[in-house]
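Working notes for the structure below.
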Amino acid sequence: MTITSDAPGRVRTVVADPTRSAAWRSPLVAPLALAGAALLGALVVRVVDPNVAGHYPVCLSLTLTGTYCPFCGGLRAVHDLMLGNVAGAFGMNPLVVLGLPFLGLAWWRWMRRAARGARVIARTPTWPAWVTFGVIAAFWVARNIPALQGWLAP
Amino acid sequence: MSLPGGPQDPYSTPQQPAGGVPVPPPPPPPVPYGAPVAPPAAYGAPAPGYGGYGQPPAMPPTGYGPMGGTEKNGLGTWSLVLGIVSFFCGGFITGIVAVILGKQSKRAQANGQATNGNLGQIGMVLGWIAIAISVLVIIGWIVLIIIGSTSTSSTTFSN
Chain Y
1 MTITSDAPGR VRTVVADPTR SAAWRSPLVA PLALAGAALL GALVVRVVDP NVAGHYPVCL
61 SLTLTGTYCP FCGGLRAVHD LMLGNVAGAF GMNPLVVLGL PFLGLAWWRW MRRAARGARV
121 IARTPTWPAW VTFGVIAAFW VARNIPALQG WLAP
Chain X
155 MSLPGGPQDP YSTPQQPAGG VPVPPPPPPP VPYGAPVAPP AAYGAPAPGY GGYGQPPAMP
215 PTGYGPMGGT EKNGLGTWSL VLGIVSFFCG GFITGIVAVI LGKQSKRAQA NGQATNGNLG
275 QIGMVLGWIA IAISVLVIIG WIVLIIIGST STSSTTFSN
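Which chain is which? The protein sequence lines are Y and X, in order. Once you know that position 115 of the first sequence is 115 in my numbering, the rest is easy, because the numbers rise by one and skip nothing. Once you know that position 130 of the second sequence is 284 in my numbering, the rest is easy, because the numbers rise by one and skip nothing.
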């Protein structure tokens, strides 16, 4: 009876292990998948023009309160960037244009850690988060000030 | 058949071989499965709520540093910031990140590697709300498109 009981157990573990412990379990899967998804999204935004009304949902903040949120114009900025128009993108949303390099840097650090086999997120001090919040909040307020909307509003 | 053998077996051997041949097969399988399942069970609390993500093997290197540190406080702070931003901006992606970081922050506090799990908790809740709002917006937007396409008048898109 031990033979019959061991057999199914071994068969199942043998079937389950290779699929999990192979390439799909590599720490590189998550950052690469995220990068692929981001690239796919950017391509969609390039093809489907966000300057045309109705192509994307309207920002909820703009609809309900009439004020620009920090990311209003972000899709148009990405659209311009994908067309190589950095100045146009900056005019739509300078925060997104200036923030993308930081996102890329964070992603690169993630890849380097993953390449060394680390799965856990790198420990960071808390101040970058607060600085990010301060920048976003300041930009949020500033782009809704009428005198500054010529530069900061989409 | 267990009746005649019953009184003899339980006393002679601690295990109950009641069925003899047919019953034993079930017990052994739990053993091979029990071993791999056991480690995740040790982290039982965070694992079930963790959803489809990384799953137990990803996070368990909890035995990292000595206890009582603040080295993972960044998780909670980032979760809170992203939660606030996604809450007010209807951010779907940032909401997801806020939820993930919030859960990791709470776990880090449970492991003595962070002291601000409450920030992670707030960020997680805000992230979930933001996800729900954006899902509702997307659904409503799709409904509007369907209505607009069937009514043949594109005036509904004037917004």
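For every residue, glycine included, the Cβ atom is placed at its ideal position computed from N, Cα and C.
Unbroken alpha helix (DSSP H) run spanning residue i, endpoints
{"i": "X:Asn272", "result": "Gly271 to Thr304"}
{"i": "Y:Pro57", "result": "Premise fails: Y:Pro57 is in no alpha helix (DSSP H) and is neither H nor E."}
{"i": "X:Ser259", "result": "Phe246 to Ala264"}
{"i": "Y:Ser26", "result": "Here Y:Ser26 belongs to no alpha helix (DSSP H), and DSSP marks it neither H nor E."}
{"i": "Y:Asp80", "result": "Gly74 to Met82"}
{"i": "Y:Ala118", "result": "Y:Ala118 -> no alpha helix (DSSP H), and no H or E assigned at all."}
{"i": "X:Pro227", "result": "Before going further, note that residue 227 of chain X is Asn rather than Pro in the sequence given. Note, X:Asn227: alpha helix (DSSP H), Asn227 to Cys243."}
{"i": "Y:Leu152", "result": "Gln149 to Leu152"}
{"i": "Y:Val86", "result": "Val86 to Met92"}
{"i": "Y:Ala122", "result": "First-last for Y:Ala122: undefined, no H or E at that position."}
{"i": "Y:Thr132", "result": "Trp127 to Ala142"}
Same chain, Cβ closer than 7 angstroms to residue i, five either side skipped, listed in chain order
{"i": "X:Asn227", "result": "Ala268, Thr269 and Asn270"}
{"i": "X:Gly188", "result": "At X:Gly188, the pLDDT of 45 sits below 50, so the modelled position is not reliable and the matter cannot be decided from this model."}
{"i": "Y:Ala42", "result": "Val78 and Met82"}
{"i": "Y:Ala122", "result": "Arg109 and Arg113"}
{"i": "Y:Ala142", "result": "Leu148 and Leu152"}
{"i": "Y:Val45", "result": "Leu75, Val78, His79 and Met82"}
{"i": "Y:Phe90", "result": "Val97"}
Residues near residue i by beta carbon distance below 8 angstroms, same chain, minus five either side
{"i": "Y:Asn144", "result": "Thr67, Tyr68 and Ala153"}
{"i": "X:Pro180", "result": "Residue confidence is low: X:Pro180 scores 48 on pLDDT, short of 50, so the model does not pin down where it sits. No coordinate-derived value is stated."}
{"i": "X:Ile293", "result": "none"}
{"i": "Y:Val135", "result": "Leu95"}
{"i": "Y:Ala23", "result": "Val29"}
8 angstroms contact criterion, which residue i and residue j should meet: CB distance rounded
{"i": "X:Thr284", "j": "X:Gly245", "result": "Correcting the residue type first, residue 284 of chain X is Ala in the shown sequence and not Thr. Sure, about 6 angstroms apart at Cβ, within 8 angstroms."}
{"i": "X:Ala252", "j": "X:Gly230", "result": "Contact flag wrong, Cβ pair sits at about 11 angstroms."}
{"i": "Y:Asn93", "j": "Y:Phe71", "result": "7 angstroms"}
{"i": "X:Gly266", "j": "X:Gly223", "result": "7 angstroms"}
{"i": "Y:Pro27", "j": "Y:Ala138", "result": "Not really, about 36 angstroms apart at Cβ, beyond 8 angstroms."}
{"i": "Y:Ser61", "j": "X:Phe242", "result": "7 angstroms"}
{"i": "Y:Ala35", "j": "Y:Trp107", "result": "7 angstroms"}
Close beta carbons around residue i, own chain, < 6 angstroms, minus the five adjacent residues each side
{"i": "Y:Pro50", "result": "Tyr56, Leu75, Arg76 and His79"}
{"i": "X:Ser233", "result": "Ala252, Leu255, Gly256, Ser259, Gly274 and Gly277"}
{"i": "X:Ala212", "result": "Low confidence applies to X:Ala212: its pLDDT is 45, below 50, so where it sits in the model is not reliable, and the reading given next is rough at best. Around X:Ala212: no qualifying Cβ."}
{"i": "Y:Arg119", "result": "Pro27"}
{"i": "X:Leu236", "result": "Thr248, Val251 and Ala252"}
{"i": "X:Asn272", "result": "none"}
Rounded straight-line distance, which links the Cα of residue j to that of residue i
{"i": "X:Gly203", "j": "X:Met278", "result": "Here X:Gly203 scores only 41 on pLDDT, less than 50, and its place in the model is too uncertain to base an answer on."}
{"i": "X:Leu298", "j": "X:Ile287", "result": "16 angstroms"}
{"i": "Y:Gly88", "j": "Y:Gly150", "result": "13 angstroms"}
{"i": "X:Val291", "j": "Y:Thr65", "result": "15 angstroms"}
{"i": "Y:Gly104", "j": "Y:Arg112", "result": "12 angstroms"}
{"i": "X:Ile296", "j": "Y:Leu40", "result": "21 angstroms"}
{"i": "Y:Trp127", "j": "Y:Arg116", "result": "26 angstroms"}
{"i": "X:Gln263", "j": "Y:Ala129", "result": "18 angstroms"}
{"i": "Y:Leu148", "j": "Y:Gly73", "result": "15 angstroms"}
{"i": "Y:Thr63", "j": "Y:Pro125", "result": "36 angstroms"}
- Could you name the residues of the stretch 221-240 of chain X whose beta carbon sits closer than 9 angstroms to any beta carbon of chain Y, in the order they occur along the chain? Under the 9 angstroms Cβ criterion, the stretch 221-240 of chain X contributes Thr224, Glu225, Lys226, Asn227, Gly228, Leu229, Gly230, Thr231, Trp232, Ser233, Leu234, Val235, Leu236, Ile238 and Val239.
- Message: Residues of the stretch 60-88 of chain Y in Cβ contact with chain X at a cutoff of 8 angstroms, in chain order, please.
- Response: Hits within the stretch, in order: Leu60, Ser61, Thr63, Cys69, Pro70 and Phe71.
- Task: Could you list the residues in the stretch 100-130 of chain Y with a C-beta less than 8 angstroms from some C-beta on chain X, going in chain order?
- Result: Answer in chain order: Arg119, Val120, Ile121, Arg123, Thr124, Pro125, Thr126, Pro128, Ala129 and Trp130.
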